[in-house]
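Read the structure below first, then the notes.
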Amino acid sequence: MAEEYWRWTESRWTDPDLKWQDAKIITAGVDVGSVSSQAVVMLDGRLYCYGNTRTGSNSPDSAVKVMNMALEGTGLKIEDLQYTVGTGYGRVNVPFGNRAITEIACHARGANFMYGPSVRTVLDMGGQDCKAIHCDDRGKVTNFLMNDKCAAGTGRGMEVFADLLSVPINDVGELSLKVEDEPPPVSSTCVVFAKSEASGLLREGWPKEKVLAAYCSAMAHRVFTLLERIGMEKEFAITGGIAKNVGVVSRLEKELGVKALKAKIDTQIAGAIGAALFAKALVEKEGKKK
Amino acid sequence: MLTAGIDVGAKTVKIVVAADGRIVDYAIVPAGQDAQAAIEQAWGKLKTKAEDIEVIVATGSGRKSTQRAQGFVTEVAAAARGAIALFPEARTVIDVGAEEGRAIKIDETGKVLDFAINEKCAAGAGAFCEAMARALEVSLEEMGAMSLNSTGKVAMNAQCAVFAESELVTLVHNQTPKPDMARAIHDAISDRIVSMVRRVGMAEKVALIGGVAKNVGFVHSLNGDLGAQVLIPEEPEIVAALGAALLGAQDKYAKTAEASV
Amino acid sequence: MLANYGYKDGSGDFFITIDTDQCDGCGACVQACPAGCFAVGEDPHDPLRDEPVAMVSETQRKKLKYACAACKPASGRGPLPCVQACPQNALVHSW
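If you read the protein sequences in the order shown, they are chains Z, Y and V. Going by the numbering used here, the letters in the first sequence line up with residues 2 to 291, in that order. Going by the numbering used here, the letters in the second sequence line up with residues 11 to 271, in that order. Going by the numbering used here, the letters in the third sequence line up with residues 872 to 966, in that order.
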């Protein structure tokens, strides 16, 4: 893609009220996805700082880059981290990582941290996957389903459409809500065929927002069927990049008849948070200190 | 008696005019955006006069787009009937088009005994090869030819055309030789097609039809996976249309044609 | 935990569900499957579980429709070897 319609906002943040020098247990989580990477540092299980960036072509470099981004301006260095857990597609490629744990376990833990112990159903959609997870009040997984085989219902599928319509991905959701009447959803599940279908709709004179509405609707329905497969138990929370797409979220909530809990923290860092929390649990379990 | 079969596919529209079980005329045009217009365009390219054709049968995903047909048959039935006409010894038919891949088990008359379909997923059909050729920045023909020169194995983990495209971009970035990537691409789709064949049970001989049969790389991988040489007609794209035309010559349709006069 | 391995694509839902609360990691499914769809090891999704568990192998997880083709003929399908082999009835196929 020549133009960068996929470019969402990269970010970093530090909690101004916490001092790492006072912490007993400093742990980190690094989530290296195929599309984006996040790094989180926790002080005694409290969120201290994080970074969120696009994964490059080299996973180990991406892990280091996002970790340094998270640590920027804090004075904390990678060597100061007592235990780091890597998660995501590139989890075994974190050079400074102590252990790799899958994203399903980490997302459940992360969602429990971000949304509280009442969360039972978590939907996560990342760059190249979509997960539906049930967890208990401690964030332990009781049921899960992950699709990372098919681009439909993943961030990549949405990127293809953003590119087709020349709409920056940050704007897709809001633009899709500007339609007067909700159009029927795109009928092809497959992103390749859906793209051809959408090209046809554009030629028929459909404006961009109508095509986006049709695609967001199709994506919401697909996600709905995945959630149906494991069942919907409240409270419901959404993590990952998709949580920022109001076009898909609002349509999904409508079809479910359930509203998702709203997050105060960047939804893309859920996996890294869960990883950092596992790191803390492992430090406490094994009594590891540098 | 002259009959015609119209195969309205995703990428191309094919018309075959048949008489006495043989092809007497045919036309292939791109489907474009307007199936009806494409059908008329194909019709116009035939040398046969419309009034000489007694029965018209349509098949293909867009078969309902034409008002010309007296009857409709499924792609599976049409592919089976067409394949047996060209290859009386065929007992398995593999039909790989732009958007669907099918494996069909038939008897000596071309009757369908069993079938399995790859549908609604680009990875199981010609659309996969097209997407990969685009990612490699070569034509389909070039990709097929170069795959025959592969000397090394490349792993392709993605089972989706969209993800495979991303995987290819990384491989290209790592300077993987193009022939090796091309070979991996054909091996991947062949693997998916062969699993459909396993579901119906392979019986020799195997006929390969549909547009993707023209891809030498795919054929090479397929023959390797099957452990058999597939039979390929001169014009593999028109076999389903031929089948539809031949089915049109059967009693049932002759009666319909009379009734509508 | 109900571990649903597999995917949903345009052509359908292809999930093998393993009930890890029932599974004791005996490996009967690994032996029964002619296509190498199963493996036994550390639970990838429960890092705090001590005993081994069965899972769908990484090589086949994303192509179950094709991997399972041998046991799922177009017609005349019998009981699946893996499902039959599991002494805990911990295995279910969605298709």
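Just so you know, even glycine gets a beta-carbon here, dropped at the ideal spot from N, CA and C. In this text, all values refer to a predicted model and were calculated from it rather than measured experimentally.
- Any Cβ of chain V closer than 8 Å to the Cβ of Z:A277 would place that residue at the interface, and such an atom is absent.
- If you ignore the 5 residues before and after Y:Q239, its C-beta comes within less than 6 Å of the C-beta of N233, all in its own chain and listed in chain order.
- Close partners of V:L962 in chain Z (Cβ separation under 9 Å) are lacking, with about 15 Å as the shortest Cβ gap.
- Rounded to whole angstroms, the gap between the alpha carbons of Y:V106 and Z:H108 is 40 Å.
- For Z:W14, there is no enclosing alpha helix (DSSP H); the enclosing beta strand (DSSP E) has its first and last residue at S12 to T15.
- Contact of Z:T190 with chain Y by beta-carbon distance below 9 Å involves K130 and C131.
- Secondary structure at Y:K24: strand, using DSSP grouped into helix, strand and coil.
- DSSP, read as helix, strand or coil, puts Y:N184 in coil.
- In the DSSP assignment, Y:T13 is bridged to Y:A28 and Y:V65.
- For Y:H183, at least one C-beta of chain Z is nearer than 8 Å to its own C-beta.
- For Z:C50, the enclosing beta strand (DSSP E) begins and ends at R47 to R55.
- Assignment of Z:Q22 by DSSP, reduced to helix, strand and coil, places it in the helix class.
- For Y:G92, the uninterrupted alpha helix (DSSP H) run begins and ends at E85 to L96, by DSSP.
- The beta carbon of Y:Q169 sits closer than 8 Å to some beta carbon of chain V.
- When Z:T54, Z:Y6, Z:L228 and Z:D138 are compared, the shortest CA-CA separation from Z:I270 is found for Z:T54.
- Non-local beta-carbon contacts of Z:A112 in its own chain, meaning distances under 6 Å to residues more than five positions away in sequence, involve V120, V123, A238, T240 and A271 in chain order.
- Under the three-state reduction of DSSP, Z:F97 is assigned to coil, being neither helix nor strand.
- Here V:A940 is not near Y:R112, since their CB atoms are 8 Å or more apart.
- Every unbroken stretch of the beta strand (DSSP E) spanning 3 or more residues and falling wholly within the stretch 191-240 of chain Z is given here in chain order: 237-240.
- Against Z:C151, the close residues of chain V are Y878, K879 and D880, in the order they occur along the chain (beta-carbon pairs closer than 7 Å).
- By the C-beta density criterion, V:H916 is buried, having at least 16 other C-beta atoms within 10 angstroms.
- With respect to Y:A100, Y:K215 sits close: the two C-beta atoms are nearer than 8 Å.
- The beta-carbon of Z:V142 is placed less than 8 Å from the nearest beta-carbon of chain V.
- Across the stretch 934-946 of chain V, CB contacts with chain Y closer than 7 Å involve K934, Y937, A940, A941, K943, P944, A945 and S946, in sequence order along the chain.
- When beta bridges are read from the DSSP output, Y:R112 appears opposite Y:D105 and Y:I127.
- When beta bridges are read from the DSSP output, Z:S37 appears opposite Z:R55.
- Taking a C-beta cut-off of 7 Å against chain Y, the contacting residues of the stretch 191-220 of chain Z are C191, V192, V193, F194, G201 and R204, listed in chain order.
- Straight through space, the alpha carbons of V:S928 and Z:K25 are spaced by roughly 39 Å.
- Assignment of Y:A137 by DSSP, reduced to helix, strand and coil, places it in the helix class.
- For Y:F228, there are no C-beta contacts with chain Z under 8 Å, since the nearest C-beta of that chain is about 18 Å from it.
- For the pair Y:R202 and Z:R47, the Cα-to-Cα distance works out to about 48 Å.
- If the five residues before and after Z:Q129 are omitted, its C-beta is found closer than 8 Å to the C-beta atoms of G34, S35, V36, Y90, D149, A152, T155, G156 and R157, all from its own chain and listed in chain order.
- Y:P189 carries a helical assignment under DSSP once its states are collapsed to helix, strand and coil.
- By a beta-carbon distance limit of 8 Å, Y:D124 does not contact V:S882. Their separation comes to about 18 Å.
- The contact set of Z:R157 on chain Y, defined by CB atoms closer than 8 Å, consists of V172, F173 and S176 in chain order.
- When the Cα atoms are used, V:A910 and Z:T28 turn out to be separated by approximately 32 Å.
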